[in-house]
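Shown next, in structure tokens, is the structure this report addresses.
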Amino acid sequence: MYKFLVIILIALSFAACKKEEKAQKQEVTPAKPAQLKEIQIPDNVMTTDSGLQYIVLEEGNGVQPQKGQEVSAHYTGMLMSGKKFDSSYDRNEPIVFHVGVGEMIPGFDEGVFTMKTGEKRRLFIPSNLAYGEGGIPGVIPPNATLVFDVELVAVKQ
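If you want our numbering, it's the 1-based position in the sequence shown plus 23.
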């Protein structure tokens with residue numbers, strides 16, 4: 024009789040553990056990842072001979088840089104999925120480079136080269152004017168079209 028009671032108690036213990044485990048599984052549901060809004064290329068986009076596309080978000084009234092001049096620009100870089108991969112705004116410091124001499128990816132360089140200070144643009148940069156087939160592992164997939172919101176802050180005279 025004693026063995027029978029021990030077996031019953033053990034069985035009840037296991038049954039209670041199973042119910043508790045089942046309850047815990049029901050409580051732990053992973054949160055759904057935030058949905059990114061895919062970026063659409065608007066109908067009023069301008070397209071250059073190279074294939075760079077852009078829209079002017081805000082007109083600038085300053086100077087346009089000349090080849091080799093030092094410029095500073097704020098930007099946010101995104102994939103077409105809307106996922107941000109870099110931003111000078113996050114660092115609170117604009118990027119500084121010499122325009123038109125290959126210090127930046129070709130599409131970014133071309134887009135900034137034709138801006139005026141104070142201007143804001145959205146650039147749609149095809150992969151051949153960005154990081155191409157290689158991409159940047161873990162950051163930018165191969166053959167990715169990139170989107171940059173750019174503000175030309177200054178042109179050093």
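Note that CB positions come from ideal geometry on N, CA and C, so glycine has one too.
The model shown is predicted, which means the values in this text are computed figures rather than measured ones.
Exercise. Counting only runs of 3+ residues fully inside the stretch 68–148, write out the beta strand (DSSP E) ranges in chain order.
Key: 76–81, 93–102, 107–110, 118–121, 143–148
Self-check item: Contacting residues, own chain, Cβ-Cβ under 6 Å from K139 (five flanking each side not counted)
Solution: As a working mapping, residue 139 is identified with position 116 in the sequence shown. So the list reads G83, G85, Q87, once near-sequence residues are dropped.
Self-check item: V178, enclosing beta strand (DSSP E) - first and last residue
Solution: Sequence index remark: in the sequence shown, residue 178 carries index 155 (1-based). From DSSP, the beta strand (DSSP E) with V178 extends over 169–178.
Exercise. Within 10 angstroms of the Cβ of G125, are there 16 or more other Cβ atoms? Answer buried if so, exposed if not.
Key: What you label residue 125 is simply residue 102 of the sequence shown in a count that begins at 1. Its Cβ having fewer than 16 others within 10 Å, G125 is exposed.
Exercise. Would you grab the beta carbon distance between G158 and A167 for me? Rounded to a whole angstrom, and I think it's under 8 Å.
Key: The count along the sequence shown starts at 1 and reaches residue 158 at position 135. The count along the sequence shown starts at 1 and reaches residue 167 at position 144. That pair is a contact at about 6 Å.
Exercise. Evaluate E116 with the Cβ neighbour count: other Cβ atoms within 10 Å of its Cβ, from every protein chain shown; 16 or more gives buried, anything less gives exposed.
Key: Looking up residue 116 in the sequence shown gives position 93. Exposed is the call here.
Quiz item: Nearest-angstrom Cα distance between M69 and G91?
Solution: Mapped onto the sequence shown, residue 69 falls at position 46. Mapped onto the sequence shown, residue 91 falls at position 68. Rounded to the nearest angstrom, the two C-alpha atoms are 24 Å apart.
Quiz item: Tell me which same chain residues have a C-beta within less than 6 Å of the C-beta of E81, skipping the five on either side of it?
Solution: Start at 1 with the first residue of the sequence shown, and residue 81 comes out as number 58. Excluding residues within five positions, the ones whose Cβ falls inside 6 Å are K143.
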